[in-house]
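Trainee: Each residue of the sequence shown is one higher than the last, beginning at 0 in numbering that gives the first Met the number 0.
Think of the CB as a built atom: it goes at the ideal place given N, C-alpha and C, for glycine as much as any other residue.
The structure under discussion is supplied below as structure tokens; questions concerning it will follow.
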Amino acid sequence: MAGNDLGSLLGGLLGGSGSGSGSAGGSGSGGAGNILGALLGALGGSSGSGGTQGGSPLDGLLDMLKKSGLGEQAESWIGTGGNQPVSGAEVARALPDDALQQAADQAGVSPQEAADTLAQALPQAVDKLTPAGSLPQAASLEDLVRQQQL
């Protein structure tokens, strides 16, 4: 839907609209936010309407990560403690190939670059979107970002 708007929201959430700290290959216009926004848009579009029924827009993504063996890491991002890292290869393995390819295409990078960027961005984004240590309910990701006043 509004991939660029969502990318801008997430770019701001991740601090992508200022000086990039550690711009190793991510020197696009809000790179991490754009890739994450495109991924969430691709995942939301592929699950049809009501895919996040009764839950947060992040539920589907986090469920995929958990099913692929990254549950401990994903739970650490939601919780109030430290965030465990993931690798780009782990992220790529957890996501549907078509969703990762679509996110990469929209951001103008390779799927590997998109996965590497997501591996860096996801822990921060999920952590900031879940400040109370649980997934808040929201109708859309934009609503979730606004709800958290980010």
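(1) If you run the structure through DSSP and keep just helix, strand and coil, what is Gly-116?
(2) Exposed or buried, which one is Thr-161 when buried takes at least 16 other CB atoms within 10 Å?
(3) Among Val-85, Ala-113, Asp-142, Ala-131, which has the Cα closest to the Cα of Leu-35?
(4) When burial is assigned at 16 or more other CB atoms within 10 Å of the CB, is Gly-68 buried or exposed?
(5) To the nearest angstrom, report how far apart Pro-135 and Gln-83 are at their CA atoms.
(6) Suppose the cutoff is 8 angstroms on Cβ atoms and the five residues either side in sequence are ignored; what does the same chain contact list for Ser-109 look like?
(7) Our contact map puts Asp-38 next to Leu-117 with C-beta atoms below 8 angstroms; I'd like the distance itself, whole angstroms only.
(8) Reducing DSSP to helix, strand and coil, say where Pro-95 ends up.
(9) Check each candidate in Asp-97, Pro-122, Gly-40, Gln-146 and name the one with the smallest Cα separation from Glu-71.
(10) Spatial neighbours of Leu-60 within its chain, please: CB distance less than 7 angstroms, with the 5 preceding and 5 following residues excluded, ordered by chain position.
(11) For Gly-59, report the span of its alpha helix (DSSP H) as first-last.
(12) Can you grab the Cα-Cα spacing for the pair Thr-129 / Glu-141, in whole Å?
Mentor: In brief:
(1) For this step, residue 116 is matched to residue 117 along the sequence shown. It is Thr, not Gly, that sits at residue 116 in the sequence shown. If DSSP states are grouped into helix, strand and coil, Thr-116 belongs with the helices.
(2) In the structure as shown, the chain begins at 0 and stops at 149. Residue 161 is therefore absent and cannot be evaluated.
(3) In the sequence shown, the residue the question calls residue 35 occupies position 36. Among Val-85, Ala-113, Asp-142, Ala-131, the Cα nearest to that of Leu-35 belongs to Ala-113.
(4) As a first step, residue 68 is located in the sequence shown; it is residue number 69 there, counting from the start. Exposed: under 16 other Cβ atoms inside 10 Å.
(5) Taking the first residue of the sequence shown as 1, we reach residue 135 at position 136. Taking the first residue of the sequence shown as 1, we reach residue 83 at position 84. Looking at the two C-alpha atoms, the distance is approximately 21 angstroms.
(6) To locate residue 109, count along the sequence shown from 1; it is residue 110. Within the same chain, Ser-109 has close Cβ partners Ala-103.
(7) Along the sequence shown, read from residue 1 onward, the residue named residue 38 stands at position 39. Along the sequence shown, read from residue 1 onward, the residue named residue 117 stands at position 118. In the sequence on display, residue 38 carries Leu and not Asp. With 8 angstroms as the limit, Leu-38 and Leu-117 qualify as a contact, their Cβ atoms being about 6 angstroms apart.
(8) What you label residue 95 is simply residue 96 of the sequence shown in a count that begins at 1. Residue state, collapsed to three classes: coil.
(9) Position 72 of the sequence shown, counted from the first residue, corresponds to residue 71. Comparing C-alpha distances from Glu-71 to each of Asp-97, Pro-122, Gly-40, Gln-146 shows the shortest one belongs to Pro-122.
(10) By 1-based counting over the sequence shown, the position of residue 60 is 61. Within the same chain, Leu-60 has close Cβ partners Leu-39, Leu-42.
(11) Position 60 of the sequence shown, counted from the first residue, corresponds to residue 59. That run of the alpha helix (DSSP H) goes 58-64.
(12) Here residue 129 corresponds to residue number 130 of the sequence shown, with the count starting at 1. Here residue 141 corresponds to residue number 142 of the sequence shown, with the count starting at 1. Computed Cα separation, rounded: 14 angstroms.
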